[in-house]
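Chemist: Under the working numbering, the residue at position 164 of the sequence shown is numbered 165, and the numbers go up by one with no gaps. C-beta: ideal position from N, C-alpha, C; glycine also. Bear in mind the structure is a predicted one, so any value in this text is a computation, not a measurement. Dumping the structure here so I can ask a few things about it.
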Amino acid sequence: MKSAHTKAVVGKVVVYMILILIAVVMVIPFLWMLSASIKSDREVFQMNPFVWIPEAPRWSNYSNIWTKIPFARFVGNTVFLTVVVTLLQLLTSSFAAYSFAKLNFRHKNGLFLAYIATIAMPWQVYMVPQFIMMRKMGLNDKLTAIICLQAFSAFGVFMMKQFYEGIPDDLCEAARIDGMSEYRIYASIMLPLSKPALSTLTIFTFVATWNDYLGP
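Listed below in structure tokens is the structure:
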């Protein structure tokens, strides 16, 4: 019994040591970011010797970034785009997914396959045509252009459709018999049951939009 208990304790110690080591490795980039924020340009790229804390920290870097460039506007634009695009993708993806998963109409499977096939096409292939299209519409250099281009997501439709197909069709049929419209079934039944999928799509969309650099 003591031997088994000792092995269990040793196993836990080893696991915790590994987890602590991984945590330290994950924290290092954040420490380097904080260190670089109070360095000069030359000190940031100085690697030999590498200094975590400079002898003369430049705390003015924090004030310069808010005063010498419109950083507040940059952050505001990013927050606005991220929130709007995320909300629109949740709406359009869940709504289209409901149609593909629970409704029957002509060429449904063909349309779905054609839409999902766009995931395999690299964005770099059509980014120039997108820009030309937005410019002809008079939306170049406007946030509206980015919102229009990113309001729809083939990946989001695919993920939501797969989740909706796991919801029994009997619920929708019972609701139709009770006289509920498709819009009300979507809002009152499908959306409340799809909170896990919506949460996942929210995270993916928020992170992708926030980190998007080339698109804007």
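Looking at the secondary structure, which residues open and close the alpha helix (DSSP H) in which tryptophan 67 lies?
Modeler: 61 to 68
Chemist: Here's a check: name, in chain order, each residue in its chain whose Cβ is nearer than 6 Å to the Cβ of serine 154, leaving out the five neighbours to either side.
Modeler: Non-local C-beta neighbours of serine 154 in its own chain, meaning closer than 6 Å and more than five positions away in sequence, comprise Gln90, Ser94, ordered along the chain.
Chemist: Output the distance between the C-alpha atoms of isoleucine 133 and phenylalanine 156, rounded to the nearest integer angstrom.
Modeler: 24 Å
Chemist: Considering only residues of the same chain and omitting the five flanking positions on each side of cysteine 173, which have a CB-CB separation below 6 Å?
Modeler: Lys103, Ile186
Chemist: What is the rounded straight-line gap between the Cα of serine 195 and the Cα of phenylalanine 205?
Modeler: 16 Å
Chemist: Return the first residue and the last residue of the alpha helix (DSSP H) that leucine 104 is part of.
Modeler: Taken as a continuous stretch (DSSP letters only), leucine 104 belongs to no alpha helix (DSSP H), as it is neither H nor E.
Chemist: Short check: CB of threonine 87 to CB of threonine 210, under 9 Å?
Modeler: yes
Chemist: Could you tell me whether any non-hydrogen atom of the ligand HEM is closer than 8 Å to the CB of valine 11?
Modeler: Summarising the ligand content, the structure contains no ligands, and the ligand HEM is consequently not present.
Chemist: So, for proline 197: in the same chain, excluding its five sequence neighbours on each side, which residues have a beta-carbon less than 8 Å away from its beta-carbon?
Modeler: Phe164
Chemist: Measure the beta-carbon distance from methionine 161 to alanine 98 and round it to whole angstroms, keeping in mind my assumption that it falls under 8 Å.
Modeler: 3 Å
Chemist: I'd like to know whether the C-beta atoms of glycine 216 and methionine 122 end up nearer to each other than 9 Å.
Modeler: Cβ distance not < 9 Å, so glycine 216 and methionine 122 don't count as in contact.
Chemist: Determine contact between the stretch 76 to 87 and the stretch 138 to 152, defined as no fewer than three beta-carbon pairs at a distance below 8 Å.
Modeler: yes
Chemist: Rounding to the nearest angstrom, what Cα-Cα distance links lysine 13 and valine 26 in this structure?
Modeler: 20 Å
Chemist: Please work out which residues of its chain come closer than 7 Å, Cβ to Cβ, to threonine 203, disregarding the five sequence neighbours upstream and downstream, and give them in chain order.
Modeler: Thr87, Leu91
Chemist: So glutamine 47 is in the alpha helix (DSSP H); what residue range does that whole segment cover?
Modeler: Where glutamine 47 is concerned, there is no enclosing alpha helix (DSSP H), given that its DSSP letter is neither H nor E.
Chemist: Go ahead and pull the three-state DSSP assignment for isoleucine 168.
Modeler: coil
Chemist: Nearest-angstrom Cα distance between alanine 176 and histidine 6?
Modeler: Between alanine 176 and histidine 6, the C-alpha separation is close to 57 Å.
Chemist: Would you kindly work out how many angstroms separate the C-alpha atoms of aspartate 179 and asparagine 105, rounded to a whole number?
Modeler: 19 Å
Chemist: Of all the options Leu199, Arg59, Leu32, which has the alpha carbon lying nearest to the alpha carbon of arginine 43?
Modeler: Arg59
Chemist: Could you tell me the distance, in whole angstroms, from the CA atom of isoleucine 120 to the CA atom of serine 182?
Modeler: When rounded, the distance between both Cα atoms is 32 Å.
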